[in-house]
Amino acid sequence: MSDSHAVHPGTNVRVIWAIVRLATSALMAAAVVAQFVTTFTLTAEKGRDVETTLVNFFSFFTILSSCLGVIVMLVGGLWLLTRGAKKQWEPRWMSYVWISVGTYMVITGIVYNLLLRGYVLEQGATVVWANEVLHLIGPIMFLLDLVLCIARRPLGWTAMGVAVIFPIAWVIYTLVRGENVTSPVTGDPYWYPYPFLNPYLQPNGYFGVGIYVIGIAAAILMIAALAVWRTRVGRRADTTEEEPTDDVAVETESQTEAEAAPAAASPKPVKKR
25 MSDSHAVHPG
35 TNVRVIWAIV
45 RLATSALMAA
55 AVVAQFVTTF
65 TLTAEKGRDV
75 ETTLVNFFSF
85 FTILSSCLGV
95 IVMLVGGLWL
105 LTRGAKKQWE
115 PRWMSYVWIS
125 VGTYMVITGI
135 VYNLLLRGYV
145 LEQGATVVWA
155 NEVLHLIGPI
165 MFLLDLVLCI
175 ARRPLGWTAM
185 GVAVIFPIAW
195 VIYTLVRGEN
205 VTSPVTGDPY
215 WYPYPFLNPY
225 LQPNGYFGVG
235 IYVIGIAAAI
245 LMIAALAVWR
255 TRVGRRADTT
265 EEEPTDDVAV
275 ETESQTEAEA
285 APAAASPKPV
295 KKR
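Position 147, counted from 1, in the sequence shown is what this note's numbering calls 171; the numbers after and before it change by one each time, with no gaps.
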């Protein structure tokens, strides 16, 4: 069999995981849309403020991380099916995005199932299957992706710092906005997406909220650190240069062989007697 017909190492695995990524993206997108429709159907029935409800909907960390997850799974799946079939590593920026969004999705699953699983919401406000997709299935799929680390570029520890930027910005936004929004559901002169961030529900007010924030921040750093460590296992961390393209690598190899060929072919000098 000639080399031109040889299968690129890992091609079958990459194709299978690309399909899994695309299916996960579609399922998560359907879940977000289903929850969106249900939320605004209920809003219309109850005659609530639509604009506030819209902003509130996209102020949930679950919704934001899931929307990012849909995009990342879609782009990552398409990349594996196209350019990923010929390259060893995905682009450096893509690896950074995967570490960050993967961490957010895993944290979403952990926080929901530890702190919010039994929290009672308004009747008819939650789409049960969509809730499980966004808080259980999605996080599990992102965890698997971080563990399998298919085509993930070895990263430096600075990726941890990148991963915490969005959660920090979200917490600041949530706490500042919370005091300036009237809840469309209860009519309270404040609104917080989660009870552990609501100082009016915590025995120690903002101090209690701060404890939760610190704990979740520590969990984010830990998961991001493990995800970065996984990219470095058995590999050399690459934080500066992009992986050379296959064409460049082949050209370099050909040049090296061409330079070595004359030396190998040249006969040894014969001593004259």
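The beta carbon of each residue, even a glycine, is placed where N, CA and C say it ideally should be.
### Nearest-angstrom Cα separation, counted from Gln112 out to Phe220
Distance from the CA atom of Phe220 to the CA atom of Gln112, rounded to whole angstroms, is 43 Å.
### Query
Can you tell me whether DSSP reads Asp169 as helix, strand or coil?
Residue state, collapsed to three classes: helix.
### Message
Please give me, in chain order, every unbroken run of the beta strand (DSSP E) with length at least 3 that falls completely inside the region 113-150.
### Response
None, since the region 113-150 contains no complete beta strand (DSSP E) of that length.
#### Entry: Exposed unless 16 or more other CB atoms sit within 10 angstroms - verdict on Asn80
Counting the other Cβ atoms within 10 Å of the Cβ of Asn80 gives 16 or more, which makes it buried.
### Task
Would you grab the beta carbon distance between Val125 and Val96 for me? Rounded to a whole angstrom, and I think it's under 8 Å.
Yes, they are in contact, since the Cβ atoms of Val125 and Val96 sit about 5 Å apart, within 8 Å.
### Query
Any idea if Ile196 is buried or exposed, counting beta-carbon neighbours within 10 angstroms, 16 or more meaning buried?
Under the 10 Å beta carbon count, Ile196 is surrounded by fewer than 16 other beta carbons and is classified as exposed.
### Task
Mind checking which residues open and close the alpha helix (DSSP H) that includes Val157?
From DSSP, Val157 is part of no alpha helix (DSSP H); its letter is neither H nor E.
### Task
Specify whether the region 62-82 and the region 146-155 touch according to this definition: at least 3 beta carbon pairs, one from each stretch, less than 8 Å apart.
The way I'd put it, the region 62-82 does touch the region 146-155; three or more beta-carbon pairs between them come closer than 8 Å.
### Message
Using only the alpha-carbon positions, how far apart do Glu203 and Ala175 sit?
### Response
Between Glu203 and Ala175, the C-alpha separation is close to 44 Å.
### Task
Could you check what DSSP says for Arg2 in three-state terms: helix, strand or coil?
Only positions 25 to 297 of the chain appear in this structure, which leaves residue 2 out of reach.
### Query
Distance, Cα to Cα, Pro191 vs Ser207?
So the two alpha carbons sit approximately 23 Å from each other.
### Task
Write down every uninterrupted run of the alpha helix (DSSP H) in the region 70-112 whose length is 4 residues or greater and which is fully enclosed by it, in chain order.
Taken in chain order, the complete alpha helix (DSSP H) segments of 4 residues or longer contained in the region 70-112 are 74-81, 85-105.
### Query
Is it true that the region 97-112 meets the region 223-232, where meeting means three or more beta-carbon pairs spaced less than 8 Å apart?
The region 97-112, when compared against the region 223-232, does not touch it at the 8 Å Cβ threshold.
### Task
Using the Cα positions of Thr182 and Leu250, report the straight-line distance between them to the nearest angstrom.
Put simply, the backbone Cα of Thr182 is about 13 Å away from that of Leu250.
### Task
Grab me the residues of Val39's own chain with a C-beta within less than 8 Å of its C-beta, minus the 5 sequence neighbours each way, in chain order.
Answer for Val39: Leu104, Leu105, Ala109, listed in chain order.
### Message
My output table needs one value for Tyr224: the three-state DSSP class, helix, strand or coil.
### Response
When DSSP states are grouped into helix, strand and coil, Tyr224 belongs to the coil group.
### Task
Take the Cβ of Trp215 as the centre, count every other Cβ of all protein chains shown within 10 Å, and call the residue buried at 16 or more, exposed below.
Buried is the label assigned to Trp215, since at least 16 other Cβ atoms lie within 10 Å of its Cβ.
### Query
Does DSSP put Pro219 in a helix, in a strand, or in coil?
Secondary structure of Pro219 (DSSP, three-state): helix.
### Query
Mind checking Phe85: buried by the 16 CB within 10 Å criterion, or exposed?
Around the beta carbon of Phe85, 16 or more other beta carbons sit within 10 angstroms, so the residue counts as buried.
### Query
Ala187 and Ile244 look like a contact to me (Cβ under 8 Å); what is the Cβ gap, rounded to whole Å?
Indeed, because the Cβ distance is near 7 Å, the residues count as touching under 8 Å.
### Query
Taking the Cβ atom as the reference point for each residue, do Leu160 and Tyr218 lie within a distance shorter than 8 Å?
Not a contact, by the Cβ cut-off of 8 Å.
### Query
For Thr263, does the three-state DSSP call read helix, strand or coil?
Any answer about Thr263 is weak, because its pLDDT of 43 lies below 50 and its placement is not dependable; what the coordinates show is given next. In the three-state reduction of the DSSP assignment, Thr263 falls in the coil class.
### Query
From Ile134 to Thr127, what distance separates their C-alpha atoms?
Each residue's CA atom was taken as its position, placing Ile134 and Thr127 some 11 Å apart.
### Task
Taking only the alpha-carbon atoms, compute the straight-line gap between Asn137 and Pro163 and give it to the nearest angstrom.
Cα to Cα, the separation comes out at about 11 Å.
#### Entry: Euclidean distance between Cα positions of Tyr236 and Gly229
Rounded to the nearest angstrom, the two C-alpha atoms are 11 Å apart.
### Message
Please report the straight-line C-alpha distance between Glu156 and Val74, rounded to a whole angstrom.
### Response
If you take the alpha carbons of Glu156 and Val74, they lie about 25 Å apart.
### Task
Just the C-alpha distance for Thr76 and Arg107, rounded to the nearest angstrom, thanks.
Looking at the backbone, the Cα of Thr76 and that of Arg107 are separated by about 42 Å.
### Task
Express the C-alpha separation of Gly211 and Lys70 in angstroms, rounding to a whole number.
Roughly 13 Å between the two C-alpha positions.
### Task
Whole angstroms is fine: what's the gap from Gly180's alpha carbon to Pro115's?
Gly180 and Pro115 have their C-alpha atoms spaced approximately 14 Å apart.
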